[in-house]
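Working notes, structure below.
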Amino acid sequence: MAQTVRVVADKIRKLEVQGARNVAIAAIKALEALAGETTAKTRKEFMTELKEARVTLFASRATEPLMRNAVRWIISQVENSSKEKVDALAEVVSLSSSQFLKNLEASKECIAEIGAKRIRDNAVVFTHCHSSTVTHLLRKAKEDGKAFEVVCTETRPVFQGRITAKELLALGVKTTFIVDSAARSFMRQADLVIVGADAITSEGNVINKIGTGTIALLAHEARKPFYVVSELLKFDPDTVCGDYEEIEERSPDEVWKGAPEKLVIRNPAFDVTRRDFIHGVICEEGVIPPHSVKEVMHRQFPWIFK
Ligand code: RUB
């Protein structure tokens, strides 16, 4: 298997690439690179390489259905191709990857266009972690001439909130940075909450950075609308068949390096926000109720259920 795939998987594992979209993009580009570097002589050998790459990429982070859907789709295009020559099959990978990336970019623009309208002039937006989809939406709102400010959590233990804060400052957005445990104190002054997603289940529950579920409860308590911005392809088809979305558990060292030996440290990367607390999912289809995502998927992406 191409060295590039291993290197990319490692970067994903170490959070050098973070956020569901960026993870998916990195995995797609790794498949593209594999196709460019392959030493396979036959279709069979090439398929074996692709399947090994799939195993390596899937194992890099557990809670990333967008990445899994992308990789599955690209490999299925090769499987469905009648071509036999490795060059021609590599070309299928390259074309499918480009197409997937193009669609992903179009979804991001569409989501930003729709979501920016939910930000009223002088609004205070509360967000958590770093979602490239959220920051792109906020960029669009800014370009549309909206005046708004953002409250952003630091997002323990690895501080992705700092990435968000830096990006927002670069956009010229007034940003207030708070520790995660101050979320309740600042929810009162927010007008709405906007967060990203890693996964959407068949019931319409959303999995995102640890702490998102608590923030949704706080928004509910303070009667503030809680929106999730997400590409539809973050839907996990395995949840339809009864599988739970696996929640990645990361190293205790991220929480406390050099902690006392017998201390039990848990470090789940994500949590589940129940659909009842989600005002709307802002996706390519518009602002939709979370429980309708599965039906939309059947209509827009039937291949995902195969
Ligand atoms: C990132 C995170 C983001 C989603 C959505 O967690 O939870 O909210 O991945 O991001 P981590 P995007 O830093 O552990 O990857 O909108 O960019 O897909």
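The sequence shown maps to residues 34 to 339 in the numbering used here.
Just so you know, even glycine gets a beta-carbon here, dropped at the ideal spot from N, CA and C.
Per DSSP, reduced to three states, the secondary structure at Cys274 is helical. The Cβ atoms of Gly52 and Ser235 lie no closer than 8 Å to each other. CA-CA distance, Asn55 to Phe268, rounds to 16 Å. For secondary structure counted as the beta strand (DSSP E) over 3 or more consecutive residues, the region 43-93 holds no complete run. For Pro301, the three-state secondary structure derived from DSSP is strand. Lys173 counts as buried, since no fewer than 16 other beta carbons sit within 10 angstroms of its beta carbon.
At least one heavy atom of the ligand RUB lies closer than 7 Å to the C-beta of Arg54. Under the 8 Å Cβ criterion, the region 220-231 counts as touching the region 144-163, having at least three qualifying pairs. The three-state secondary structure of Val126, taken from DSSP, is helix. Excluding sequence positions up to five before and after Cys143, its CB lies within less than 7 Å of the CB of Glu317, all in the same chain and listed in chain order.
With three or more CB-CB distances shorter than 8 Å, the region 301-315 counts as touching the region 248-255. Listed in chain order, the beta strand (DSSP E) runs fully inside the region 174-233 are 181-186, 207-211 and 225-228, counting runs of at least 3 residues. It is roughly 33 Å from the alpha-carbon of Asn136 to the alpha-carbon of Phe210. Spatial neighbours of Val329 in its own chain (CB-CB distance under 8 Å, excluding positions within 5 residues in sequence) are listed in chain order as Leu265, Cys316, Glu318 and Ile321.
Distances taken from the Cβ of Asn136 to the heavy atoms of the ligand RUB include none shorter than 7 Å.
Cα atoms of Leu134 and Arg332: separation of roughly 21 Å, rounded to the nearest angstrom.
For Asn300, the Cβ stays outside the 7 Å cut-off from all heavy atoms of the ligand RUB.
Lys290 sits in coil when the DSSP states are folded into three classes, being neither helix nor strand. In the displayed model, Glu264 falls within coil according to three-state DSSP, outside both helix and strand.
Counting C-beta pairs with one atom in each stretch, the region 198-216 and the region 125-133 have fewer than three that are closer than 8 Å, which means they do not touch.
For Ile240, the enclosing beta strand (DSSP E) starts and ends at Val239 to Lys242. Take the alpha-carbon of Arg101 and the one of Ser263: they are about 15 Å apart.
Per DSSP, Ala156 is not a residue of any alpha helix (DSSP H); the beta strand (DSSP E) it occupies stretches across Ala156 to Thr160. Asp213 is not a Cβ neighbour of Gly246, given a cutoff of 8 Å. Annotation for Ile315: the continuous beta strand (DSSP E) segment containing it runs Gly313 to Cys316. In the displayed model, Ile321 falls within a strand according to three-state DSSP.
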